[in-house]
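Chemist: First to last, the protein sequences are chains P and D.
One point on numbering: in this note's numbering, the residue at position 207 of the first sequence is 207, and numbering is uninterrupted.
One point on numbering: in this note's numbering, the residue at position 318 of the second sequence is 318, and numbering is uninterrupted.
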Amino acid sequence: MSVLANLLDGFSHALSLQNLLLGLLGVTVGTLVGVLPGLGPATTIALLLPLTLVFDPIGAFVMFAGIYYGGMYGGSTTAILLNIPGETASIPTTLEGYPMARRGRAGAALATAAIGSFVAGTISTVVITFLAPGMSAIAKSIQPAEYFSIMVLAFVTVTSLMGDSVVRGMSSLFLGLAIGLVGIDQMTGQPRLAFGVPELYEGLPVVALAVGLFAVAEAVSTAAQRHQGTPPKVEVSGRVGMSRDDWRRSWKPWLRGTAFGLPIGSLPAGGAELPTFLSYNVEKRLNPDEFGKGAIEGVAGPEAANNAAFSGVLVPLLTLGIPTSATASMLLIAFQIYNVQPGPQLFDQQPTLVWTLIASLYIGNVMLLVLNLPLIRLWVKLLSVPAALLTAAILTFATLGVYATGQSVFEILVAYGFGLVGFVMRRARYPVAPLILGAVLGPLMEVQFRRALAFSEGDPSVFFTRPVSLAILVVAAACLAGPVILRRKGRIALPEAID
Amino acid sequence: MRITAAVVALAVTVTGCAVGESTGPGDGYPSKALTIMAPGSPGGGWDTRARGIAGALSQCDITDVKSTVVNVPGAGGTIGLAQFAKSKGDPYQLMVMDSATMLGGIVNNHSPVDLTTLTPIAGLSKGPSAIVVPKGAPYKDLKALLAALRKDPHGVKWTGGSLGAPGHMTVAGLAKGEGVDPKDINFVPTAGGGESMNLLLSGAATAGVDTVAELRAQLRAGELRALAVDGDQRIEGVDAPTLKELGLADKSIATMAGVLAPAGLSEEQQQDVISMIDKMRRTTCWQQVLKQNNWVDAWTPGEAFEQVLTQQRGQITTILGELGLGK
Numbered sequence: 001m002s003v004l005a006n007l008l009d010g011f012s013h014a015l016s017l018q019n020l021l022l023g024l025l026g027v028t029v030g031t032l033v034g035v036l037p038g039l040g041p042a043t044t045i046a047l048l049l050p051l052t053l054v055f056d057p058i059g060a061f062v063m064f065a066g067i068y069y070g071g072m073y074g075g076s077t078t079a080i081l082l083n084i085p086g087e088t089a090s091i092p093t094t095l096e097g098y099p100m101a102r103r104g105r106a107g108a109a110l111a112t113a114a115i116g117s118f119v120a121g122t123i124s125t126v127v128i129t130f131l132a133p134g135m136s137a138i139a140k141s142i143q144p145a146e147y148f149s150i151m152v153l154a155f156v157t158v159t160s161l162m163g164d165s166v167v168r169g170m171s172s173l174f175l176g177l178a179i180g181l182v183g184i185d186q187m188t189g190q191p192r193l194a195f196g197v198p199e200l201y202e203g204l205p206v207v208a209l210a211v212g213l214f215a216v217a218e219a220v221s222t223a224a225q226r227h228q229g230t231p232p233k234v235e236v237s238g239r240v241g242m243s244r245d246d247w248r249r250s251w252k253p254w255l256r257g258t259a260f261g262l263p264i265g266s267l268p269a270g271g272a273e274l275p276t277f278l279s280y281n282v283e284k285r286l287n288p289d290e291f292g293k294g295a296i297e298g299v300a301g302p303e304a305a306n307n308a309a310f311s312g313v314l315v316p317l318l319t320l321g322i323p324t325s326a327t328a329s330m331l332l333i334a335f336q337i338y339n340v341q342p343g344p345q346l347f348d349q350q351p352t353l354v355w356t357l358i359a360s361l362y363i364g365n366v367m368l369l370v371l372n373l374p375l376i377r378l379w380v381k382l383l384s385v386p387a388a389l390l391t392a393a394i395l396t397f398a399t400l401g402v403y404a405t406g407q408s409v410f411e412i413l414v415a416y417g418f419g420l421v422g423f424v425m426r427r428a429r430y431p432v433a434p435l436i437l438g439a440v441l442g443p444l445m446e447v448q449f450r451r452a453l454a455f456s457e458g459d460p461s462v463f464f465t466r467p468v469s470l471a472i473l474v475v476a477a478a479c480l481a482g483p484v485i486l487r488r489k490g491r492i493a494l495p496e497a498i499d
Numbered sequence: 001m002r003i004t005a006a007v008v009a010l011a012v013t014v015t016g017c018a019v020g021e022s023t024g025p026g027d028g029y030p031s032k033a034l035t036i037m038a039p040g041s042p043g044g045g046w047d048t049r050a051r052g053i054a055g056a057l058s059q060c061d062i063t064d065v066k067s068t069v070v071n072v073p074g075a076g077g078t079i080g081l082a083q084f085a086k087s088k089g090d091p092y093q094l095m096v097m098d099s100a101t102m103l104g105g106i107v108n109n110h111s112p113v114d115l116t117t118l119t120p121i122a123g124l125s126k127g128p129s130a131i132v133v134p135k136g137a138p139y140k141d142l143k144a145l146l147a148a149l150r151k152d153p154h155g156v157k158w159t160g161g162s163l164g165a166p167g168h169m170t171v172a173g174l175a176k177g178e179g180v181d182p183k184d185i186n187f188v189p190t191a192g193g194g195e196s197m198n199l200l201l202s203g204a205a206t207a208g209v210d211t212v213a214e215l216r217a218q219l220r221a222g223e224l225r226a227l228a229v230d231g232d233q234r235i236e237g238v239d240a241p242t243l244k245e246l247g248l249a250d251k252s253i254a255t256m257a258g259v260l261a262p263a264g265l266s267e268e269q270q271q272d273v274i275s276m277i278d279k280m281r282r283t284t285c286w287q288q289v290l291k292q293n294n295w296v297d298a299w300t301p302g303e304a305f306e307q308v309l310t311q312q313r314g315q316i317t318t319i320l321g322e323l324g325l326g327k
């Protein structure tokens, strides 16, 4: 059977009334757990695994696909409205989403996130439908050297996050890199910067760190401004959704975000963190003016990248049997309950199940939009709560969320500690984004670098002799040198213009 | 996570399940709610085990009392372990663990808790591992691979699991058998099966050690080739000799998953817990859990489990010392 016939067959299994309702239920539950602190999609699916004993596999997968998409979108809702990123991949969304909300544009931010997720999810699913086997063949051949080069590219684009002072930006980045070092070194087993505290052996929890730097620091800042008059109330101006201008500014970031998210997400060690940060950096480079004050591109791009990456995760899961996220490992367990072993032979052995799962992804995507667009009106109302109350609510919510994810008081201390750090940095006009990028991507880059060297027995030429790695490094070098060369040309051209 | 476990238990009860051998609730232990600690995060191996036990206890009618799973992740399970060790003399606190994984975690994380001071309940299951190479590799059998290792210790690049995990110890044991200093092996640790699988499939790694459960799909598809399996029994569907057949049985440490209770239980209390777990493991519910997770039953109650722990503690401390870990 051809791909299309297979897919139609998949739809014929997935499109029953029961399955559509299960899909809607999944999206609703997913959105709820995404919005509520501490219960991510992975835990939710873990909780609902026993339901697989009741439903046929198809029903269960339609529902799980709904939870998957709903959870992701719910996470960006808190990031935009409350400055609380529920997971690492929604950190870039907070950077522009929350300022947008403070300017009364929460509706547009939520809409671009929802529609961007839908667009990215749909494109990614279409691509997976037709190219999954080919993608997995490429993904399989990617080695640590290539992963390292992709990380280099991400760090090169970080210059766009530096703000107006390179020194401040670099200090923030290096502080983040140092934070990323904390814990037991994976390659040698030596504790680094842990000072004998066992809680630090697994590193500083990144979500607690981000919640501290964003939500807690914001609350402290608001409290500190008490004597400078009441902060301006958030006005929800004009229409709730996206204006024509918002559409014009969003569609390119959606596509670019998808272009980052899908390929990187489909790599066996890709994940969603790298593409979301990469997308944010690139969007900021392309439109530097409004960033930091609430640019819609900064929400549209990362949200699309996030959703595309999560769809990409299915490629290694289905074709190689490799789960690359917590949610994916839950799906893997669900497969195994039905005695299905994802791997190279899955498409041949269980075609109906695979194509039904892919069809249910399409359904999940549509359901997400159906459910969430009307909800935006409701969410936006939250912002008319007086600042004092909202601040208190954010603190409560942030504390609950951090405690619920790790169930440890230590993580709350981390969040509050970094809340103070974030407050001081804000006062001294240090940008926070490079810090968080360093803390998230630094450890990933280090481990790939050292693995690549271990496999090449210490020969650093491995980064240049593997063609894909070399190509990515050349692009990175161009990104770094390009603006300098252009500026120099500009400088030469300038006097002539004056004459 | 208390709510979580309750919901799981509820969902499981509602959905129902074939009832296995059951004595029903009644005399003595357990007369109040049980707490089962998983010293890892939700969704991980220890968590799956703890929830499997809690599910089987209520679902297959071993007891009427509630079993709650508590997750205390961190530092290779030693954060949970340290907390667990404090509830001395309480037979209603149980903890799931893996012998080699946890003993290794204790050494690596400098944990002061000695596993053998806790009350051993039972070893429950094993998850066999295999030594594999990518399909194009020139090594016909384990002998050929080990010969290459002897010739150029650094040229054979191993992967599989984290530093000091059972896979790493197996590689160290094999190297030592070939007269190679364990410190000279080129072992690239990963956070989990998925990552090491990628390193094997992309051709970056020469060989890997992982659980058969994680390798099975690629073995079946012919992408990987198994050279040997650990333990003393061949594995169905895996075309490879056991380490025992190859005369290398003493080189690997087969981790055994089991249950512990806190220190200070009377012999009678210990027997109560053992007989409850014994009833649990005979249920169809538990058999189902074993099958789903590719675990093999390895019932080793009380004393015998303590012996496994004591013996492995010695082996592991030696091997990890030779690897330069835990310093």
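Cβ atoms here follow ideal geometry from the backbone N, Cα and C, with glycine treated the same way.
Note that the coordinates shown come from a computational prediction; the quantities given were computed from them, not determined experimentally.
#1: Would you tell me roughly how many angstroms separate the C-alpha atoms of L4/P and H13/P, rounded to the nearest one?
#2: Let me know the secondary structure DSSP gives S266/D once reduced to three states.
#3: What in chain B is Cβ-close to P323/P, meaning under 8 Å?
#4: Identify whether F187/D lies in helix, strand or coil by the three-state DSSP scheme.
#5: Would G364/P pass as a contact of V313/P if the rule is Cβ separation under 8 Å?
#6: Against chain P, does R234/D count as a neighbour if the rule is that its beta carbon must be under 8 Å from one of theirs?
#7: Who are P191/P's beta bridge partners in DSSP?
#8: Nearest-angstrom Cα distance between R192/P and I184/P?
#9: How should P120/D be labelled, buried or exposed, when 16 other C-beta atoms within 10 angstroms of its C-beta is the threshold for buried?
#10: In angstroms, rounded to a whole number, what distance separates the CA positions of G116/P and E273/P?
#11: To which residues of the same chain is G177/D closer than 6 Å at the C-beta, ignoring the five residues directly before and after it?
#12: Mapping the DSSP letters down to three states, classify D297/D as helix, strand or coil.
#13: What separation, rounded to the nearest whole angstrom, lies between the Cα atoms of T157/P and M170/P?
#14: Do three or more CB pairs link the stretch 99 to 107 of chain D to the stretch 310 to 318 of chain D at distances below 8 Å?
#15: Which stretch, first to last residue, makes up the alpha helix (DSSP H) that contains V424/P?
#16: I'd like to know if Q18/P contacts chain D, where contact means its C-beta is closer than 8 Å to some C-beta of that chain.
#17: Tell me where the alpha helix (DSSP H) around G364/P begins and ends.
#18: What's the C-alpha gap between V8/D and V289/D?
#19: Looking at the unbroken beta strand (DSSP E) that takes in T68/D, where does it start and where does it end?
#20: Just to confirm, are A261/D and L124/D a CB contact at a threshold of 8 Å?
#21: Return the first residue and the last residue of the alpha helix (DSSP H) that S129/D is part of.
#22: Just to confirm, does G71/P get its C-beta within under 7 Å of one of the non-hydrogen atoms of the ligand ADP?
#23: Applying the criterion that 16 or more other CB atoms from any shown protein chain within 10 Å of the CB defines a buried residue, is R51/D buried or exposed?
#24: Using the rule of at least 16 other Cβ atoms within 10 Å of the residue's Cβ for burial, across every protein chain shown, is R429/P buried or exposed?
#25: Report yes or no: do three or more beta-carbon pairs, one from the stretch 225 to 237 of chain D and one from the stretch 291 to 306 of chain P, lie closer than 8 Å?
#26: For L180/D, which residues in chain P fall below 7 Å Cβ to Cβ?
#27: Roughly how many angstroms separate the alpha carbons of K140/D and V107/D, rounded to a whole number?
#28: Quick check on this structure: which residue in A359/P, Q186/P, G10/P, L435/P has the alpha carbon closest to the alpha carbon of F174/P?
#29: At what residues does the alpha helix (DSSP H) containing V127/P begin and finish?
#30: For a contact meaning CB atoms closer than 8 Å, what does P189/D contact in chain P?
#31: May I ask you to report which of helix, strand or coil DSSP gives L267/P?
#32: Quick one: what does DSSP say I253/D is sitting in, helix, strand or coil?
#33: On the three-pair Cβ rule with 8 Å, is the stretch 80 to 90 of chain P touching the stretch 353 to 362 of chain P?
#34: How long is the line joining the alpha carbons of A85/D and G77/D, rounded to whole angstroms?
#35: Using the beta-carbon of each residue, which ones in chain D are nearer than 8 Å to Q345/P?
#36: Cutting at 7 Å between CB atoms, please list the residues of its own chain near I277/D, excluding the five before and the five after it.
Modeler: According to the structure data:
#1: 14 Å
#2: coil
#3: Absent from the structure is chain B; the protein chains it does hold are P and D.
#4: strand
#5: no
#6: no
#7: I184/P
#8: 6 Å
#9: buried
#10: 17 Å
#11: K251
#12: strand
#13: 13 Å
#14: yes
#15: 409 to 427
#16: no
#17: 351 to 381
#18: With a pLDDT of 41 at V8/D, under the threshold of 50, the modelled position of this residue cannot be trusted, and the question is left open.
#19: 67 to 71
#20: no
#21: No alpha helix (DSSP H) contains S129/D, which is instead part of the beta strand (DSSP E) from 129 to 134.
#22: Because no ligand of any kind appears in the structure shown, any question about the ligand ADP cannot be addressed here.
#23: buried
#24: exposed
#25: no
#26: Note on identity: in this sequence residue 180/D is Val, with Leu being the wrong assignment. Going along chain P, no residue has its Cβ under 7 Å from V180/D, so there is no contact; the nearest lies around 15 Å.
#27: 36 Å
#28: L435/P
#29: 106 to 141
#30: Q186, M187
#31: coil
#32: coil
#33: no
#34: 12 Å
#35: A217, R220, A221
#36: I121, A122, V259
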